[in-house]
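The structure appears below as structure tokens.
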Amino acid sequence: MFAVLPVFAVLLKLLYLGGGGIELRGRRRPVPPAGAPAGASLGRRAWAELRLRAWRAGQAVEKAQVRRRIRAARRPWRQALRRLRARLPARVRVGRIGWLRRAATARRTRFYAEHVVFTLHVHAFAFVVFWALLLVGNSRWAPWGGWLVAAIPVYFLLAQRRVYAQSWGKTLVKSALLGTAYSVVLTLGVLVAAALAARLG
């Protein structure tokens with residue numbers, strides 16, 4: 002598994018050539034606080050109204066923070082666009098240059114090292130799960146081993162959705178493709194390791 006870590010990062014790089022999302026989306030859909038029940042006292046109704054207004058204010062602040070993140074992610078592209086347009090001839094500068102405008106608002110391309118960091122993160126979780134499986138062994142907690150193994154793909158799916166910030170549909174499709182390709186690569190790696198062990202040992 003250590004040997005195929007760079008290959009896993011390459012697969013991520015190929016799947017996310019566009020970089021993924023640029024804003025950090027929430028883990029769950031925000032739910033407003035429950036209102037006061039019918040027939041509640043004046044104090045309870047006032048408290049429920051206060052909680053609802055505080056929640057709306059918090060949502061407004063969070064949306065403003067997301068907008069700032071988006072503007073910060075796009076600012077380098079816009080600065081590069083202005084510098085490039087300043088170097089173009091005047092007759093070209095007059096036009097809109099659609100592809101440059103699209104590049105100015107494009108999503109940030111992720112470097113290979115970022116995929117490597119994500120790969121190390123999810124594999125570290127997998128190694129922790131394997132360590133827990135060794136601990137439970139033949140104890141009375143052994144039946145929970147299947148749930149521990151199932152936690153690996155679930156955690157990877159949630160981490161992939163959180164880091165790359167794409168829709169659930171795209172995340173599920175890319176996760177399935179990545180899992181299939183990684184299974185093939187891991188199987189080949191195990192076969193090569195077994196062949197080397199048999200030859201050397």
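Note that the numbering used here has the sequence shown beginning at 2, numbered continuously upward.
A virtual CB, placed ideally from N, CA and C, is assigned to each residue, including glycine.
Q) Per DSSP, what kind of secondary structure is Ser176 in: helix, strand or coil? A) Ser176 falls in the helix class under three-state DSSP.
Q) Is it buried or exposed for Val164, if we count other Cβ within 10 angstroms and need 16 for buried? A) Buried: at least 16 other Cβ atoms inside 10 Å.
Q) Alpha carbon to alpha carbon, how far is Val67 from Asn139? A) Rounded to whole angstroms, Val67 to Asn139 spans 49 Å at the Cα level.
**Q.** Three or more C-beta pairs below 8 Å linking the segment 40–47 and the segment 176–196
**A.** With a cut-off of 8 Å, the segment 176–196 and the segment 40–47 do not count as touching, because too few Cβ pairs lie within range.
Q: Measure the C-alpha to C-alpha separation of Ala55 and Ala4 and round it to an integer number of angstroms.
A: Straight-line Cα distance between these residues: approximately 51 Å.
Q) Is DSSP giving Gly138 helix, strand or coil here? A) Coil.
Q.
Please return the same chain residues whose Cβ sits closer than 6 Å to the Cβ of Arg162, not counting the five positions on each side in sequence.
A. Scanning its chain for C-beta atoms nearer than 6 Å, with the 5 sequence neighbours on each side dropped, one finds around Arg162 the residues Thr172, in chain order.
Q | Touch test, the segment 146–162 against the segment 125–134, Cβ-Cβ under 8 Å, three pairs minimum | A | Contact holds: three or more Cβ-Cβ distances are below 8 Å.
**Q.** Closest by C-alpha distance to Leu12, when choosing among Leu179, Val174, Ala196 and Trp145
**A.** Minimum Cα distance to Leu12 is reached at Leu179.
**Q.** 7 Å Cβ shell around Ala177 - same chain, five flanking residues per side excluded
**A.** Closer than 7 Å at the Cβ level, and outside the excluded window around Ala177, lies no residue.
Q: State the DSSP-derived secondary structure class of Ser42, mapped to helix, strand or coil.
A: Collapsing the DSSP output to three states places Ser42 in coil.
Q. Which whole-angstrom value describes the C-beta separation of Ala61 and Ala49, a residue pair presumed to lie in contact below a C-beta threshold of 8 Å?
A. With 8 Å as the limit, Ala61 and Ala49 do not qualify as a contact, their Cβ atoms being about 19 Å apart.
(Q) Between the alpha carbons of Arg52 and Gly170, how many angstroms are there, rounded? (A) When rounded, the distance between both Cα atoms is 34 Å.
Q) Using the C-alpha atoms, what's the distance from Leu135 back to Val150? A) Taking the straight line from one Cα to the other gives about 12 Å.
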